[in-house]
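2 protein chains.
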Amino acid sequence: MARTPRNTLNPELIVRTALELMESEGTSAFSLRGVAAALGVGPMAIYTYFRNKDDLYDAVRNHLMGLLPPVPADVPWQDQVRAVCRSLRSLMLQHPCLAQLLSGRPLSGQETARVAEGLLGVLRAAGFDKERAARTHTTLFTYVLGATSWEIQMAAERRDPEAWRRLRTTMESLSATEFPTVVDLAPELARTTGGDTQFDYGLDLLIAGLDMQKPRAT
Amino acid sequence: MARTPRNTLNPELIVRTALELMESEGTSAFSLRGVAAALGVGPMAIYTYFRNKDDLYDAVRNHLMGLLPPVPADVPWQDQVRAVCRSLRSLMLQHPCLAQLLSGRPLSGQETARVAEGLLGVLRAAGFDKERAARTHTTLFTYVLGATSWEIQMAAERRDPEAWRRLRTTMESLSATEFPTVVDLAPELARTTGGDTQFDYGLDLLIAGLDMQKPRAT
DNA sequence: ACGGTGTACTATACACCGTACGTTATAGAG
DNA sequence: CTCTATAACGTACGGTGTATAGTACACCGT
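Chains as they are written, first to last, in this note's numbering: chain P, 3 to 220; chain R, 3 to 220.
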């Protein structure tokens, strides 16, 4: 009975395999049995290192958040804010599963604190008081989360020919008398479901709002 | 063999039952077999009216979106935008499953068009050009989605004593030298994870940004 | 009144999931 | 060289969505 040798597994290896599977198979098709199989190991072997599936999810999320680059120094705070938001977005785009990991699981752990620390530090240094800094942080974070999750979902839908066809036909069958504006703006709506331009549009709105709320900064 | 009578089921009844189950059991604990049992019917009976589970999800989402109130007329466009965003948010708070239905499933169907029509109509009437109207619509929608999903998840976490304790201890164990700002702002961060004030803070930032981008309105 | 027909629901079955429990072989300590 | 802790295994249970086939009822034209 060829038993697999003794120390084939470790948490990092499992996390890496899990991440690969989520990205190739899609988050919903991901399963503990799948990652065990990919590691050439029985399903229960995972439980030596993780208490359950959610525990593994959290580990993957933490791993991904650790990849975020540090905040650039020596630029105006507006650009620092932009940089933080953009790098979170581009990490989510690179690893689409991150969107679901962030919005579907309770977050805890150091890595979440790291991104908060960066953004809050920028805001405090720019002169925001404690309350405004915290509120702004939450606002920016949830905007990035919402906008990018949406973009990822739209992109996924466009890739699935069946869903894409259904969406197109629904759009085209909309009564022009009942939904005049939607029909009129159909091309623009299709163009603004994602992309850097769309993301920056909303981000710049927020930053402009911040700027005028706190005009004595520079 | 006491067969259940012939026309006990209809789509609307199934949707209503599914919605009740999602709200009482939580979205993750929801199952086709559960709603079938609640209806006193075999699991496969659902398939007479819905092609599969996702199809039922879509129907529930459509049903909920239909509950959105119309846009108020005869007020400045800023207040109309606020009203639309707030009513979407309060619908999501009333039906927490809607957050997951919106961000986890491709959307299609008339009801999505209805909310888009309302918001786009307001923006066009306020003088936004086609492109800006579409971009603004997407920005506002994704902000509401992200902010409210986050709020719902935080509230759920606070309700689960196990997760809540873990989050508290993680927060308290953060090194004050590694995460000085987070530690310093802990009380503010705890206060700004949700609530009307937090939501309006971000919403007002966006509207302020819109206002200054388009100063010739009123 | 009656047999045929469509259909609303049932029964059975399959593949898969997460994971509780008990077992076993091996790596390292003594 | 033996002992022990533990990493990985096997088995099993209760759950899921759903494909496929079957069944009894409502309605229909005759």
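No residue lacks a Cβ here, since even glycine has one placed at the ideal position from N, Cα and C.
Suppose contacts are defined by Cβ-Cβ distances below 8 Å. Is G123 (chain R) in contact with T183 (chain P) by that definition?
Against a cut-off of 8 Å, the Cβ pair of T183 (chain P) and G123 (chain R) comes out as a contact.
Consult DSSP for T220 (chain P) and reduce its assignment to one of helix, strand or coil.
Summary for T220 (chain P): the model assigns pLDDT 46, below 50, so the residue's position carries little reliability, and this model does not support an answer.
Using a beta-carbon distance cut-off of less than 9 Å, what residues from the region 145 to 160 of chain P approach chain R?
So the list reads Y145, V146, L147, G148, A149, T150, S151, W152, E153, Q155, M156, A158, E159, given in the order they occur along the chain.
Which residues of chain P have a Cβ atom closer than 7 Å to the Cβ of E119 (chain R), listed in chain order?
Going along chain P in sequence order, the residues near E119 (chain R) (Cβ under 7 Å) are F181, T183, V184.
Which term fits G204 (chain R), buried or exposed, when burial requires 16 or more other beta carbons within 10 angstroms of its beta carbon?
Looking at its Cβ environment, which holds 16 or more other Cβ atoms inside 10 Å, G204 (chain R) is buried.
Cutting at 6 Å between CB atoms, please list the residues of its own chain near Q80 (chain R), excluding the five before and the five after it.
Closer than 6 Å at the Cβ level, and outside the excluded window around Q80 (chain R), lie I209.
Closest by CA to H139 (chain R), which one among R:R18, R:C87, R:V62?
Comparing Cα positions, the closest option is R:C87.
Distance, Cα to Cα, Y49 (chain R) vs L23 (chain R)?
Cα-Cα distance, rounded: 18 Å.
Please check if any C-beta of chain P sits within less than 8 Å of the C-beta of Q223 (chain R).
Here chain R covers residues 3 to 220 and nothing more, so residue 223 (chain R) does not appear.
Who are the neighbours of A115 (chain R) on chain P, taking C-beta pairs under 7 Å?
The answer, in chain order, is L176, F181, V184.
Taking 7 Å as the cut-off, does the CB of Q102 (chain R) come closer than this to any heavy atom belonging to the ligand NAP?
Of ligands this structure carries none, so the ligand NAP is not represented either.
With 16 other CB atoms within 10 Å as the buried threshold, where does D76 (chain R) fall?
With fewer than 16 Cβ atoms within 10 Å of its Cβ, D76 (chain R) is classed as exposed.
Can you tell me whether V214 (chain R) is buried or exposed? The criterion is at least 16 other CB atoms within 10 Å of its CB, across all chains shown.
Note on residue identity: the sequence assigns Met, not Val, to residue 214 (chain R). The residue in question, M214 (chain R), is exposed, as its Cβ has fewer than 16 Cβ neighbours within 10 Å.
On a Cα-Cα basis, can you pick out the residue from R:R193, R:G197, R:L21 that is closest to I154 (chain R)?
Nearest option by C-alpha distance: R:G197.
Quick one: what does DSSP say R160 (chain R) is sitting in, helix, strand or coil?
Of the three classes helix, strand and coil, the one that applies to R160 (chain R) here is helix, per DSSP.
Whole angstroms is fine: what's the gap from A188 (chain P)'s alpha carbon to A136 (chain R)'s?
Computed Cα separation, rounded: 9 Å.
Give the DSSP-derived three-state secondary structure of F52 (chain R) in the structure shown.
In the structure shown, F52 (chain R) sits in coil (DSSP, three-state: anything other than H, G, I, E or B).
Between R168 (chain P) and chain R, is any beta-carbon pair separated by less than 8 Å?
Chain R contact via Cβ: present.
Applying a beta-carbon distance threshold of less than 9 Å, which residues of chain R neighbour Y203 (chain P)?
Residues of chain R passing the Cβ test: R134, R137, T138, T140, T141.
Using a beta-carbon distance below 8 Å, is E25 (chain P) in contact with chain R?
It does not: the Cβ of E25 (chain P) has no partner Cβ on chain R nearer than 8 Å.
Whole-angstrom Cβ separation of T144 (chain R) and A158 (chain P), contact assumed at under 8 Å?
That belief does not hold up - the Cβ atoms of T144 (chain R) and A158 (chain P) are roughly 15 Å apart, past 8 Å.
Under 7 Å between beta-carbons, which chain P residues line up against M214 (chain R)? List them in chain order, please.
Ordered by position in chain P, the residues that pass the 7 Å Cβ test against M214 (chain R) are A210, M214.
Am I right that T19 (chain P) and V37 (chain P) are in contact with their C-beta atoms under 8 Å? What's the rounded C-beta distance?
Correct: roughly 5 Å between the Cβ atoms.
So which residues on chain R does G123 (chain P) lean against when the C-beta distance must stay under 7 Å?
Residues of chain R passing the Cβ test: T183.
Going along the chain, which residues of its own chain have a beta-carbon closer than 8 Å to the beta-carbon of L95 (chain R), five neighbours each way excluded?
Here the set comprises T150, E153, I154.
Tell me the rounded alpha-carbon separation between E14 (chain P) and F52 (chain R).
Each residue's Cα considered, the two are about 42 Å apart.
When the Cα atoms are used, what is the spatial distance from I16 (chain R) to H65 (chain R)?
Their backbone Cα atoms lie some 11 Å apart in a straight line.
Any idea what DSSP makes of N64 (chain P), helix, strand or coil?
DSSP places N64 (chain P) in helix when its eight states are reduced to three.
Cβ closer than 9 Å: which chain R residues qualify as neighbours of S89 (chain P)?
Going along chain R, no residue has its Cβ under 9 Å from S89 (chain P), so there is no contact; the nearest lies around 17 Å.
Which bits of chain R does P126 (chain P) rub up against, with CB to CB less than 7 Å?
Note that residue 126 (chain P) corresponds to Arg in the displayed sequence, not to Pro. The answer, in chain order, is T183.
Can a CB atom of chain P be found closer than 8 Å to the CB of Q200 (chain R)?
Output row for Q200 (chain R): interface = yes.
What does a CB cutoff of less than 6 Å around A165 (chain R) pick up in its chain, not counting 5 residues either side in sequence?
Result list for A165 (chain R): E159, in chain order.
Return the chain-ordered list of same chain residues with a C-beta closer than 8 Å to the C-beta of V62 (chain P), the five sequence neighbours on each side being excluded.
Excluding positions up to five away in sequence, the list reads V17, A20, L21, M24, C99, L103.
Under 6 Å Cβ to Cβ from N54 (chain P), same chain only, skipping five residues before and after it: list those, please.
Taken in chain order, the list of residues that qualify is empty.
Whose Cβ in chain R lies nearer than 7 Å to the Cβ of G111 (chain P)?
Neighbours of G111 (chain P) on chain R, chain order: T172.
Listed in chain order, which residues of the region 12 to 23 of chain P have Cβ atoms closer than 8 Å to some Cβ of chain R?
Within the region 12 to 23 of chain P, no residue qualifies.
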